[in-house]
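In mature numbering (1 follows the signal peptide of the UniProt record, and there is no 0), the protein residues as written are -15 to -1, 1 to 419.
Below you'll find the structure, written out as structure tokens, and then a few comments.
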């Protein structure tokens, strides 16, 4: 989860997914492991109500979902964000001296019998809202579901400069690189969970899949909002075929050099009328809330909305009458059409907020613009991140309410800052428009 994130997709009955043969790849070539690692999503963590969407940061997860992992032996439960927009795995250390670490859950390495000092070096990452994390790479056993990763490198954060402290850490699930990230010093592959998945399941099944439960209510109990699957694809969570994208430019976007799950967005139309027909590098990011697009495009998409301090809003009674918006991606022939109701998120009895947001004025070191498909867009799909084959897949999710079961023995942790109505707050605080 770096400065901006993009494609988090979920599919509802109104969204239209058109499959095509993309290099002859489809879901039938996958052999699902006999035992997948499943982690249920927990309650939404809400960022400080004074925060702005334009400043995406390490703990900006207002529309994203988190899960519990265990670090050490015995496992110390921590609530982390599973973030496809970054590659570093860090947790809050009990030795953190920052004010934001006070009275927060943390990892105490002195209480773990399997902890090892590896002198893996110091990492420093700065997120878009100014949040800065400084951590030191060592190793310990990390438990995800029923999957215990022995000797997993992790970065212990001793300094976290932020205005909020909702998360205990982040598991970066972005494509890794031994050359490091922009905003991240050193070798981020030193704390790369995907490498461990490749060792556990083989490279072909170094896969993380996301299923979002679109029928979960705003006050749904912890663990019922969705599910992350490690090690393969769960056919019970989607229907039809998976449409695949080989990630853009061999894991490196042309904007910053940071590895991203990125595809090309090459067309946008409103009610059949084209408003964009070029090429826009678009990041698929589970750690970002909105669908972030260049300001000129956002203004056209939100032409029927009213701009307020809280973002572009519209009476919910008018949402259904909004013209459908269709997005075309790459050369795959994939088109995604959102109905009017899918273009908004309800924040009060009759006030709905647009899911489309503008980015900062300058993006990346070159100032080049790009997009970020965030959770409010991609949660309409079953998402597959295939590390071994450098590709991302989308399929129509099962929209009924199947049971969600974890094969983790870890106790479910409450977030450091609970919200009575997380899906209401989650968007009210989400936007800045430039």
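We treat Cβ as the ideally placed atom computed from N, Cα and C, and that holds for glycine.
All values derive from a computational prediction rather than experimental measurement.
Quick check: the Cα distance between residue 344 and residue 356, rounded to an integer number of angstroms? In the chain shown, counting from the first residue as 1, residue 344 sits at position 359. In the chain shown, counting from the first residue as 1, residue 356 sits at position 371. C-alpha separation (whole angstroms): 8 Å.
Span of the alpha helix (DSSP H) around residue 361: Mapped onto the chain shown, residue 361 falls at position 376. 360 to 363 is the span of the alpha helix (DSSP H), which, as asked, contains residue 361.
Express the C-alpha separation of residue 313 and residue 396 in angstroms, rounding to a whole number. Numbered from its first residue, the chain shown carries residue 396 at position 411. Numbered from its first residue, the chain shown carries residue 313 at position 328. Residue placement at residue 396 cannot be trusted, given a pLDDT of 49 that sits under 50; what the coordinates show is reported in the next sentence. So the two alpha carbons sit approximately 42 Å from each other.
Tell me, which residues are paired with residue 231 by DSSP? Along the chain shown, read from residue 1 onward, the residue named residue 231 stands at position 246. According to DSSP, which records beta bridges pairwise, residue 231 is partnered with 376.
Between the CA atoms of residue 326 and residue 340 - distance to the nearest angstrom: In the chain shown, counting from the first residue as 1, residue 340 sits at position 355. In the chain shown, counting from the first residue as 1, residue 326 sits at position 341. A straight-line Cα-Cα distance of about 10 Å links residue 340 and residue 326.
Note down, one range per segment and in chain order, each beta strand (DSSP E) of at least 3 residues found wholly within the segment 72 to 126. Counting only runs of 3 or more, we get 74 to 77, 107 to 111.
Please return the same chain residues whose Cβ sits closer than 8 Å to the Cβ of residue 279, not counting the five positions on each side in sequence. Residue 279 sits at position 294 when you count from the first residue of the chain shown. Within the same chain, 265, 343, 344, 354, 356 come within 8 Å of residue 279 by CB-CB distance, once the 5 residues on both sides are set aside.
Three-state secondary structure (DSSP) of residue 236: In the chain shown, the residue the question calls residue 236 occupies position 251. Note on residue 236: pLDDT 42, under 50, position unreliable in the model; the coordinate value appears next. In the structure shown, residue 236 sits in a helix (DSSP, three-state: H, G or I).
Rounded straight-line distance, which links the Cα of residue 232 to that of residue 254: Residue numbering aside, residue 254 sits at position 269 when the chain shown is read from its first letter. Residue numbering aside, residue 232 sits at position 247 when the chain shown is read from its first letter. A straight-line Cα-Cα distance of about 23 Å links residue 254 and residue 232.
Does DSSP put residue 330 in a helix, in a strand, or in coil? Numbered from 1 along the chain shown, position 345 holds the residue referred to as residue 330. DSSP places residue 330 in the strand class (E or B) of the three-state scheme.
Can residue 145 and residue 68 be called in contact, C-beta distance under 9 Å? Start at 1 with the first residue of the chain shown, and residue 145 comes out as number 160. Start at 1 with the first residue of the chain shown, and residue 68 comes out as number 83. No, the Cβ-Cβ distance between residue 145 and residue 68 is not below 9 Å.
How would you call residue 135, buried or exposed, if buried means at least 16 neighbouring beta carbons within 10 angstroms? Residue mapping note: residue 135 aligns to position 150 of the chain shown, counting from 1. Looking at its Cβ environment, which holds fewer than 16 other Cβ atoms inside 10 Å, residue 135 is exposed.
Local Cβ density within 10 Å of residue 212, reported as buried at 16 or more and exposed below that: As a working mapping, residue 212 is identified with position 227 in the chain shown. It counts as buried.
Am I right that residue 373 and residue 183 are in contact with their C-beta atoms under 8 Å? What's the rounded C-beta distance? To locate residue 373, count along the chain shown from 1; it is residue 388. To locate residue 183, count along the chain shown from 1; it is residue 198. Residue 373 to residue 183, Cβ: 7 Å. Contact.
Where the beta strand (DSSP E) through residue 146 begins and ends: Taking the first residue of the chain shown as position 1, residue 146 is located at position 161. Start and end: 132 to 146.
Residue environment, residue 300, which counts as buried when at least 16 other CB atoms sit within 10 Å: As a first step, residue 300 is located in the chain shown; it is residue number 315 there, counting from the start. Residue 300 should be labelled exposed.
Coil, strand or helix - residue 191 by DSSP: Along the chain shown, read from residue 1 onward, the residue named residue 191 stands at position 206. The answer is coil: DSSP assigns residue 191 none of H, G, I, E or B.
With 9 Å set as the bound, which would you pick, yes or no: does the beta-carbon of residue 56 sit closer than that to a beta-carbon of chain D? Absent from the structure is chain D; it holds one protein chain and no more.
Which residue's Cα is closest to the Cα of residue 140: 132, 284, 131, 178? In the chain shown, residue 140 corresponds to position 155, counting from 1. If we check each option's Cα against that of residue 140, 178 comes out closest.
State buried or exposed for residue 124, treating a residue as buried only when at least 16 other CB atoms are found within 10 Å of its CB. Taking the chain shown and counting its residues from 1, one reaches residue 124 at position 139. Flag for residue 124 reads buried.
What is the DSSP secondary structure of residue 325, counted as helix, strand or coil? As a first step, residue 325 is located in the chain shown; it is residue number 340 there, counting from the start. Residue state, collapsed to three classes: helix.
Out of 302, 311, 85, 284, state which residue places its alpha-carbon closest to the alpha-carbon of residue 332. The residue labelled residue 332 in the question sits at position 347 within the chain shown. Nearest in C-alpha terms to residue 332, of all of 302, 311, 85, 284, is 302.
Would you mind sorting residue 294 into buried or exposed? The rule is 16 or more other CB atoms within 10 Å of its CB. Locating residue 294 in the chain shown gives position 309, counting from the first residue. Classification for residue 294: exposed.
What does DSSP give as the partner residue(s) for residue 63 in the beta ladder? Numbered from its first residue, the chain shown carries residue 63 at position 78. Residue pairing from DSSP places residue 63 in a beta bridge opposite 54.
Residue 137 beta carbon less than 9 Å from that of residue 97: Counted from its first residue, the chain shown places residue 97 at position 112. Counted from its first residue, the chain shown places residue 137 at position 152. No; because the gap between Cβ atoms is not below 9 Å, this pair is not in contact.
Just mark residue 364 as buried or exposed, buried being the case when its beta carbon has 16 or more other beta carbons within 10 Å. To locate residue 364, count along the chain shown from 1; it is residue 379. Buried: at least 16 other Cβ atoms inside 10 Å.
How would you label residue 102, buried or exposed, when you count the other beta carbons within 10 angstroms and need 16 or more for buried? Start at 1 with the first residue of the chain shown, and residue 102 comes out as number 117. When all chains shown are included, residue 102 counts as exposed.
If I'm right that residue 384 touches residue 200 with Cβ under 8 Å, what's the distance once you round it to whole angstroms? Numbered from its first residue, the chain shown carries residue 384 at position 399. Numbered from its first residue, the chain shown carries residue 200 at position 215. Sure, about 7 Å apart at Cβ, within 8 Å.
What did DSSP end up calling residue 348 once you bin it into helix, strand or coil? For this step, residue 348 is matched to residue 363 along the chain shown. Note that residue 348 has pLDDT 49, beneath the 50 cutoff, so the model's placement of it is unreliable and the number below is only indicative. Residue 348 falls in the coil class under three-state DSSP.
Whole-angstrom distance between residue 54 and residue 15, CA atom to CA atom: Numbered from 1 along the chain shown, position 30 holds the residue referred to as residue 15. Numbered from 1 along the chain shown, position 69 holds the residue referred to as residue 54. Caution applies to residue 15, whose pLDDT of 44 falls short of 50 and renders its modelled position unreliable; the value that the coordinates give is listed next. The C-alpha of residue 15 lies about 27 Å from the C-alpha of residue 54.
Could you give the DSSP three-state label for residue 180: helix, strand or coil? Walking along the chain shown from the start, residue 180 turns up at place 195. Residue state, collapsed to three classes: helix.
DSSP has residue 337 in a bridge; who is on the other side? What you label residue 337 is simply residue 352 of the chain shown in a count that begins at 1. Paired residues: 299, 331.
Could you tell me the distance, in whole angstroms, from the CA atom of residue 180 to the CA atom of residue 72? On the chain shown, residue 180 is found 195 positions in, with the first residue counted as 1. On the chain shown, residue 72 is found 87 positions in, with the first residue counted as 1. Answer to the nearest angstrom: the Cα atoms are 11 Å apart.
So, is residue 25 buried or exposed, given that buried needs 16 or more other C-beta atoms within 10 angstroms? Position 40 of the chain shown, counted from the start, is the residue given in the question as residue 25. When all chains shown are included, residue 25 counts as buried.
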